[in-house]
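K.L.:
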Amino acid sequence: MPVKILADSACDLPKSFYEENHVTLFPLKVEINEQEYEDVKTIDPKMVYDAIRSGVIPKTSQVSPLLFEKVFTEMAEKNEEGIYIAFSSALSGTYSTAVMILDQVKEKYPNLQITIVDTKCASLGIGLIVQEAARLAANNVTKEKILEDVLFRSEHMEHIFTVEDLDYLAKGGRVSKASAFLGGLLNIKPILNMEEGKLVPIEKIRGKKKVFRRIIEIMNERGSNLQEQVISISHADNLETALEVKAMFEEEFNPKEVYISSIGSAIGAHTGPGTISIFFLNKLPS
89 MPVKILADSA
99 CDLPKSFYEE
109 NHVTLFPLKV
119 EINEQEYEDV
129 KTIDPKMVYD
139 AIRSGVIPKT
149 SQVSPLLFEK
159 VFTEMAEKNE
169 EGIYIAFSSA
179 LSGTYSTAVM
189 ILDQVKEKYP
199 NLQITIVDTK
209 CASLGIGLIV
219 QEAARLAANN
229 VTKEKILEDV
239 LFRSEHMEHI
249 FTVEDLDYLA
259 KGGRVSKASA
269 FLGGLLNIKP
279 ILNMEEGKLV
289 PIEKIRGKKK
299 VFRRIIEIMN
309 ERGSNLQEQV
319 ISISHADNLE
329 TALEVKAMFE
339 EEFNPKEVYI
349 SSIGSAIGAH
359 TGPGTISIFF
369 LNKLPS
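Quick note, our numbering runs 88 ahead of the 1-based positions in the sequence shown.
(1) Any C-beta of chain C sitting closer than 8 Å to the C-beta of Gly181?
(2) Just list the beta strand (DSSP E) runs in the region 152-182, keeping only unbroken ones of 3 residues or longer that don't cross its boundaries, in chain order.
(3) In angstroms, rounded to a whole number, what distance separates the CA positions of Thr182 and Glu328?
(4) Check this for me: beta carbons of Gly285 and Ala324, under 8 Å apart or not?
(5) Residues bridged to Val118 by DSSP?
(6) Excluding the 5 residues flanking Tyr106 on each side, which residues of the same chain have their C-beta closer than 7 Å to its C-beta?
(7) With 16 other CB atoms within 10 Å as the buried threshold, where does Ser312 fall?
(8) Quickly, what does DSSP pair Arg294 with across the bridge? List them, please.
(9) Hey, out of Ser322, Pro361 and Gln150, whose CA is closest to Ala95's CA?
(10) Can you tell me where the alpha helix (DSSP H) holding Asp100 begins and where it ends?
(11) Can you tell which of Ile306, Glu246, Glu165 and Ala354 has its C-alpha closest to the C-alpha of Tyr197?
(12) So who's on the other strand from Thr112, going by DSSP bridges?
(13) Hey, quick one: how far does the alpha helix (DSSP H) through Asp138 stretch, first residue to last?
(14) Where does Glu107 fall in DSSP's three states?
(15) May I have the straight-line CA-CA distance separating His247 from Ser211, to the nearest angstrom?
(16) Determine, using beta carbons only, whether Ile93 and Val111 come nearer to each other than 8 Å.
(17) Going straight from the alpha carbon of Met135 to that of Asn227, what length do you get?
(18) Along the chain, where does the beta strand (DSSP E) containing Gly349 start, and where does it finish?
(19) Do you know offhand how far Lys344's Cα is from Lys129's?
(20) Taking a contact to mean a Cβ-Cβ separation below 8 Å, would you say Ile364 touches Ala330 in this structure?
(21) Suppose only complete runs of 4+ residues qualify. What are the alpha helix (DSSP H) ranges in the region 200-261, listed by chain order?
(22) By Cβ distance below 7 Å, which residues in the same chain neighbour Val379 in space, the five residues on each side in sequence not counted?
(23) What does a CB cutoff of less than 8 Å around Arg262 pick up in its chain, not counting 5 residues either side in sequence?
(24) If distances are taken between C-alpha atoms only, which option among Leu372, Ile145 and Ser353 comes closest to Cys99?
(25) Would you mind working out which of Leu200, Ala186 and Glu291 sits nearest Pro153, comparing C-alpha positions?
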């Protein structure tokens, strides 16, 4: 029996991916105007971005503990083994809740073989890991080998973000309101990355074109054998820019593939519309 791969919606893969690759989805929740939705399942990211543009601030919450309990119990009863590739514990309580529920279910089913991985990643940083894990599982690779690959990619995944409007980060406490105001006046765009699972500003660049030229420099500094990699771009209702960036990457790196997906509703509620995120490995698996 193939190893079961489980993932939450913070990996920003489309609904079709879960269905086609037999990956179990744990949706995070998004609330708009007191109406609660399940990320990927009952809300489209554009609804979130349109709400933000109209002045509404969406709220998000973690995966339902009852859903974890249901899925883990069903897997125990079927004697299935699996790996849950989880959203960074520094950004959500989802990982901690999953661990707690798994411990409770194992009291009744002590032989349950589910491993939960705190990737310390977000968006397609997780998505790339999930895609490879699903491919390995479909080829009947052992749980130990898949887990080894998941842990390696989690450790070596680079996240580079830039946002359209600093105001959204200011509302989330990532930059000061004064910085956001001045940034808007001066057309300053931040570049951010992930450190220990948290989103951290690393540079501020003036002008959109300079931002992406600098991101290419960072990729050259940090990336490893980019021509052999799948580089991913996620965007927040900004496909036009994502396609421009894809063309730049193809010219600069000639990678195996440039994969584009929308930033999902749960993460997009915090980044705001216009965000562009890039993901690649700083070291390749041996």
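We treat Cβ as the ideally placed atom computed from N, Cα and C, and that holds for glycine.
P.N.:
The relevant details are as follows:
(1) Going by chain labels, chain C is absent from the structure shown, which holds only one protein chain.
(2) Annotation note: the region 152-182 contains the following uninterrupted beta strand (DSSP E) runs of length 3 or greater, listed N- to C-terminal: 169-174.
(3) Here residue 182 refers to the residue found at position 94 of the sequence shown. Here residue 328 refers to the residue found at position 240 of the sequence shown. When only Cα atoms are considered, Thr182 and Glu328 end up about 32 Å apart.
(4) Reading the sequence shown from its first residue, position 197 is the one you call residue 285. Reading the sequence shown from its first residue, position 236 is the one you call residue 324. No, the Cβ-Cβ distance between Gly285 and Ala324 is not below 8 Å.
(5) Position 30 of the sequence shown holds residue 118. Beta-bridge pairing by DSSP links Val118 to Tyr125 and Thr148.
(6) Your numbering for residue 106 matches position 18 in the sequence shown. Taking Tyr106 as the centre and dropping the five residues before and after it, the same chain places the C-beta of Leu113 closer than 7 Å to its C-beta, in chain order.
(7) The residue you call residue 312 lines up with position 224 of the sequence shown. Using a 10 angstroms sphere on the CB of Ser312, the tally of other CB atoms stays under 16, which defines it as exposed.
(8) One-based indexing of the sequence shown puts residue 294 at position 206. Residue pairing of Arg294 in beta bridges, as defined by DSSP: Ile276.
(9) Position 7 of the sequence shown, counting from 1, holds the residue named residue 95. Nearest Cα to Ala95 within the set Ser322, Pro361 and Gln150: Gln150.
(10) Position 12 of the sequence shown, counted from the start, is the residue given in the question as residue 100. Careful: Asp100 lies outside any alpha helix (DSSP H) and carries neither H nor E.
(11) By one-based count along the sequence shown, residue 197 stands at place 109. Among Ile306, Glu246, Glu165 and Ala354, the Cα nearest to that of Tyr197 is on Glu165.
(12) On the sequence shown, residue 112 is found 24 positions in, with the first residue counted as 1. Beta-bridge partners of Thr112 (DSSP): Leu94.
(13) Taking the sequence shown and counting its residues from 1, one reaches residue 138 at position 50. Per DSSP, the continuous alpha helix (DSSP H) segment holding Asp138 begins and ends at Pro133 to Arg141.
(14) In the sequence shown, residue 107 corresponds to position 19, counting from 1. In the structure shown, Glu107 sits in a helix (DSSP, three-state: H, G or I).
(15) Here residue 247 corresponds to residue number 159 of the sequence shown, with the count starting at 1. Here residue 211 corresponds to residue number 123 of the sequence shown, with the count starting at 1. Computed Cα separation, rounded: 9 Å.
(16) To locate residue 93, count along the sequence shown from 1; it is residue 5. To locate residue 111, count along the sequence shown from 1; it is residue 23. In this structure, Ile93 lies near Val111, with their beta-carbon atoms less than 8 Å apart.
(17) Start at 1 with the first residue of the sequence shown, and residue 135 comes out as number 47. Start at 1 with the first residue of the sequence shown, and residue 227 comes out as number 139. Their backbone Cα atoms lie some 37 Å apart in a straight line.
(18) Working through the sequence shown from its first residue, we reach residue 349 at position 261. According to the sequence provided, residue 349 is Ser. The question's Gly does not apply to it. Glu345 to Ser350 is the span of the beta strand (DSSP E), which, as asked, contains Ser349.
(19) For the purposes of this step, residue 344 is taken as the residue at position 256 of the sequence shown. For the purposes of this step, residue 129 is taken as the residue at position 41 of the sequence shown. CA-to-CA, the gap between Lys344 and Lys129 works out to about 30 Å.
(20) Locating residue 364 in the sequence shown gives position 276, where the first residue counts as 1. Locating residue 330 in the sequence shown gives position 242, where the first residue counts as 1. Yes, the Cβ-Cβ distance between Ile364 and Ala330 is below 8 Å.
(21) Counting whole runs of 4 or more residues, the region 200-261 contains the alpha helix (DSSP H) stretches 212-226, 231-244 and 254-259.
(22) An answer regarding residue 379 cannot be provided, because it is not within the stretch 89 to 374 covered by the chain.
(23) As a first step, residue 262 is located in the sequence shown; it is residue number 174 there, counting from the start. Any reading at Arg262 must be qualified, since the residue scores a pLDDT of 44, below 50, and its modelled position is unreliable; no value is offered.
(24) Stepping through the sequence shown from its first residue, residue 99 is reached at position 11. Comparing Cα positions, the closest option is Ser353.
(25) Your numbering for residue 153 matches position 65 in the sequence shown. Out of Leu200, Ala186 and Glu291, Ala186 has the C-alpha closest to the C-alpha of Pro153.
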